[in-house]
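As structure tokens, the structure follows; a few thoughts come after it.
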Amino acid sequence: MPVTLPNEVEVLVVGAGPAGSHLARRLAGAGRDVLLVEKRPEIGNPVRCAEAVEAEPLRGTLGDLEPGWVSQEIYGGRGVGPDGGEVRYEGEDVVGYVLNRRLFDRGLARLAAEAGARVSVRTQATAVRREGGSWAVTLHGDGGPREVRCRALAAADGVEGLVSRWAGAGGPWPLTELHSCAQARVVGLETEPRPLVEFHLGEAVAPGGYAWCFPLGGGRANVGVAVDPSRGGFEGARLYLERFLARNMPGAGVVELSAGCIPAPSKPKRLVADGFLAVGDAAGHTEPLSGGGIANAIQGAELAAEVLSASLTTGDLSAGRLEAYARRWAATVGRSLRRYARLRRLYLRLGDRDFNELLRIMNEELERWREGKRTSMVALLTRIVTRSPRLLAKLRFLL
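At the far end of the sequence shown sits residue 415, using our numbering, and the numbering has no gaps.
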């Protein structure tokens, strides 16, 4: 039964992905009057995501994950270079998950509703205007257009969303700051005893990007390709995926195909305006090198909820007050993303010879991990680069 849209709410959140739903849940849990709208008829469907995520940051924000949210626990990874050389890391502990995004997204939206948020699917924001210290948002749902006023507006409408632009907080993503992606749901694969995520590098595989294979269990996997659209083109990702499947998984069956873009921001995006903030992909909260963004989206939504709830209490919803959210993001997760942005600048200049050397050095450096000398991935990548004079020269040139 469709939700009756109110005339007025405290907070309107546009987009019921992980960031939007978590933001709505936290705000509603703090006693705020929240409306969460999603343009699709079904939250979590279709899935346009590789579904892999690091375990620690996700658990750190959400706590224990509900049964059904995880398709496969991950114990390590395997990287394959252009010459076939590989690096592999396997541990005893779970380091990541491949999620079931359909159930995960729906679960987060359900938690938002249980916290008191009103959730409305098949409801699309089509216009936004600032008026008298509040927002007037035109929503199109089953009952036709309806204008809803809100004290605060949150954009969680993804990389293709328009709400941030309408609110005066940013324009379209430039071509140089996008990954073009294509993915297949593949069945009939051989399974490894300890599930690993798999990455393939090289110009023939994915120019400016990489190919992946993320196991789902039962001989199923998400297999995809991300390319730099300025080199591979937006349609190129599909072609590179077809070649990758034909070369590496000729006997496997493809039961689902998807395509899209992921932000790869080179610098922080504007996150706030008067009475407005952005979260998730709409805020550019994706890791620029890999394109991963699920945990970042939820961490960002957590910060946004804390700042916005406090601002609603004081009545100060100015951009200057909400900028506290942007500052807290920049000082925490954003700091790591800035390092990955610099590494992506290097990555885009690497050729096949560099990738082969990179994996050779990684094999040597990962002995530190196998010996129990754990470190962060950013620190590991930095050490790898400094081990190679040629890679170091490229990095210095870019900096």
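By construction, the Cβ of each residue, glycine as well, lies at the ideal position given by its N, Cα and C atoms. Computed from a prediction, not measured in an experiment: that's the story for all the values here.
Within 8 angstroms, strictly: CB atoms of residue i and residue j
i      : j      : result
Tyr105 : Gly97  : no
Gly296 : Gly123 : no
Leu51  : Val164 : yes
Tyr311 : Ala275 : Rather than Tyr, the amino acid found at residue 311 in this sequence is Ala. The answer is no: Cβ separation not under 8 angstroms.
Ala242 : Ser282 : no
Pro211 : Tyr113 : no
Ile314 : Leu78  : yes
Val435 : Gly308 : The structure shown has nothing for residue 435, since the chain only spans 17 to 415.
Gly101 : Arg376 : yes
Leu333 : Arg167 : yes
Asp370 : Glu219 : no
Val30  : Ala183 : no
Pro284 : Gly350 : yes
Ala172 : Ser180 : no
First through last residue of the beta strand (DSSP E) which encompasses residue i
i      : result
Gly157 : 150-157
Ser87  : 86-90
Ser282 : It is not in any beta strand (DSSP E) - Ser282 carries neither H nor E in the DSSP assignment.
Arg236 : 236-243
Leu293 : 292-294
Inter-residue spacing [alpha-carbon to alpha-carbon] between residue i and residue j
i      : j      : result
Met17  : Val137 : Only weak support exists for where Met17 lies, its pLDDT of 47 falling under 50; the value from the coordinates is given anyway. Approximately 10 angstroms between the Cα atoms of the pair.
Thr402 : Arg384 : 16 angstroms
Leu119 : Arg406 : 45 angstroms
Arg41  : Gly132 : 8 angstroms
Tyr341 : Arg286 : 11 angstroms
Gly45  : Pro245 : 41 angstroms
Cys229 : Arg360 : 21 angstroms
Ala345 : Pro266 : This sequence places Trp at residue 345; Ala is not what is there. Using only the alpha carbons, I get a separation of about 44 angstroms.
Ala280 : Glu26  : 32 angstroms
Ala222 : Tyr256 : 6 angstroms
Cys65  : Pro34  : 12 angstroms
Leu205 : Asp99  : 23 angstroms
Asn238 : Ala317 : 26 angstroms
Pro22  : Val103 : 55 angstroms
Leu366 : Cys277 : 22 angstroms
Arg343 : Arg337 : 11 angstroms
Val288 : Glu67  : 28 angstroms
Arg117 : Trp85  : 7 angstroms
Pro62  : Glu387 : 42 angstroms
Terminal residues of the alpha helix (DSSP H) in which residue i lies
i      : result
His38  : 34-45
Pro279 : From DSSP, Pro279 is part of no alpha helix (DSSP H) but of the beta strand (DSSP E) over 269-279.
Asn312 : 310-330
Trp228 : Counting along the chain, Trp228 falls outside any alpha helix (DSSP H), though it belongs to the beta strand (DSSP E) covering 226-233.
Gly101 : First-last for Gly101: undefined, no H or E at that position.
Val213 : Val213 -> not in any alpha helix (DSSP H); beta strand (DSSP E) instead, spanning 213-216.
Ala133 : From DSSP, Ala133 is part of no alpha helix (DSSP H); its letter is neither H nor E.
Ser180 : 179-182
Leu359 : 349-363
Arg201 : Looking at the DSSP string, Arg201 is not in any alpha helix (DSSP H); the run it does join, the beta strand (DSSP E), is 194-203.
Leu257 : 252-264
According to DSSP, residues forming a beta bridge with residue i
i      : result
Tyr341 : The partner list for Tyr341 (beta bridge, DSSP) is empty, contrary to what the question assumes.
Glu147 : Ser150
Pro161 : His156
Val27  : Val50, Ala168
Tyr113 : Val69, Glu89
Val175 : DSSP, once it has assigned bridges, lists no residue as partnering Val175.
Gly96  : In the sequence as displayed, the identity of residue 96 is Val instead of Gly. Looking at the DSSP assignment, Val96 forms a beta bridge with Glu102, His216.
Ala185 : Partner(s): none; Ala185 has no beta bridge.
Ala129 : DSSP, once it has assigned bridges, lists no residue as partnering Ala129.
Ala289 : Phe292
Ala299 : For Ala299, which the question treats as bridged, DSSP gives no partner whatsoever.
Spatial neighbours of residue i in its chain, beta-carbon cut-off 6 angstroms, leaving aside the 5 residues before and after
i      : result
Leu127 : Arg41
Tyr356 : Glu303, Pro304, Leu305
Ala321 : Leu39, Arg42, Leu43
Val135 : Leu52, Ala125, Ala129
Pro161 : Thr154
Ala143 : Thr154
Thr139 : Val53, Leu155, Gly157
Own chain, CB closer than 7 angstroms to residue i, minus 5 neighbours either side, in chain order
i      : result
Val203 : Gly235, Arg236, Ala268, Gly269, Val271
Gly107 : Tyr91, Gly92
Arg48  : Glu26, Val27, Ser325, Leu328
Gly233 : Ser87, Gln88
Nonlocal neighbours in the same chain, by C-beta distance under 8 angstroms from residue i, ignoring five residues either side
i      : result
Leu261 : Ala200, Val202, Val239, Ala268, Val270
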